[in-house]
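One structure below.
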Amino acid sequence: MALFFAVLDGRLHDRPGFSCGVPALDDYLQRLAGQHQREGIATTHVLADDAAPNRILGYCSLAAAQLYLHELSVGDRRRLPAYPVPAVRVGRLAVSTAEQGKGYGSLLLGHAVSQALAVRQTMGAKVMVVDAKDERAARFYAAYGFQRTAEAARTLYLPLGRV
Ligand SMILES: CC(C)(COP(=O)(O)OP(=O)(O)OC[C@H]1O[C@@H](n2cnc3c(N)ncnc32)[C@H](O)[C@@H]1OP(=O)(O)O)[C@@H](O)C(=O)NCCC(=O)NCCS
């Protein structure tokens, strides 16, 4: 068993076979993710195992975004120019019901952060941002250092630090 990440490939990955217990997140993967990827709205990354590479264990979708300065904490606003902050949005993140609780959600989040840091080599990205679907999901992100924005309790951001 060797886990790997790949960009969603509609010809390869079994989207109908994925279920995470949240219909909106299953539906996104099955109906919208491919279209969004083709249109440049969001790119979906899947976690799979090389023993069954078509089976999606979990996924996250990423897109360019921005946060307004007033959404950041006062400390995080320091030294920033007076226009919106470039961001990478984790649009959706889900793990297959059968695979939850094995650390895959954390792996996906780590992958999302590493993708954002890679993007930052070629274009500005100051924070990651996520809209948590409920309070439990907000706590999942908060456990990894995401902070709640001043404006909306379920929108959280993670400063990507300085290089
Ligand atoms: C939330 C979710 C992605 C977590 O993935 P996972 O693989 O089960 O989580 P992990 O095994 O990596 O656990 C990571 C931590 O998150 C916690 N956690 C697990 N499921 C959680 C949930 N639904 N909400 C909040 N925290 C959760 C775990 O307790 C664990 O904390 P610990 O290390 O202190 O024990 C997964 O349960 C899921 O897909 N749920 C349905 C969709 C969803 O709620 N997505 C949230 C994004 S909006």
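Using this note's numbering, you'd call the opening residue of the sequence shown number 3 and step up by one each time. Even glycine gets a Cβ: it sits at the ideal position worked out from N, Cα and C.
**OP:** Check whether the Cβ of residue 141 lies closer than 6 angstroms to any heavy atom of ligand 1, and answer yes or no.
**Re:** yes
Subject >> Alpha-carbon to alpha-carbon, residue 73 and residue 150 >> reply: 9 angstroms
Subject >> Beta-carbon gap between residue 45 and residue 37 smaller than 7 angstroms >> reply: no
Subject >> residue 69: first and last residue of the uninterrupted beta strand (DSSP E) it sits in >> reply: 60-69
Subject >> Where the beta strand (DSSP E) containing residue 77 begins and where it ends >> reply: Segment 76-79 is the alpha helix (DSSP H) holding residue 77; no beta strand (DSSP E) there.
Original post:
Between the region 134-153 and the region 96-105, do at least 3 Cβ pairs fall closer than 8 angstroms?
Top reply: no
**OP:** Provide the residue(s) that pair with residue 92 in DSSP beta bridges, ordered along the chain.
**Re:** 64, 132
Original post:
So does the region 116-126 actually touch the region 88-95, counting three or more Cβ pairs closer than 8 angstroms?
Top reply: yes
Original post:
What three-state label does DSSP hand residue 57 in the structure shown?
Top reply: coil
Original post:
Taking the beta strand (DSSP E) that residue 158 falls in, what are its first and last residues?
Top reply: 157-161
**OP:** Please indicate yes or no: does the CB of residue 35 lie closer than 6 angstroms to some heavy atom of ligand 1?
**Re:** no
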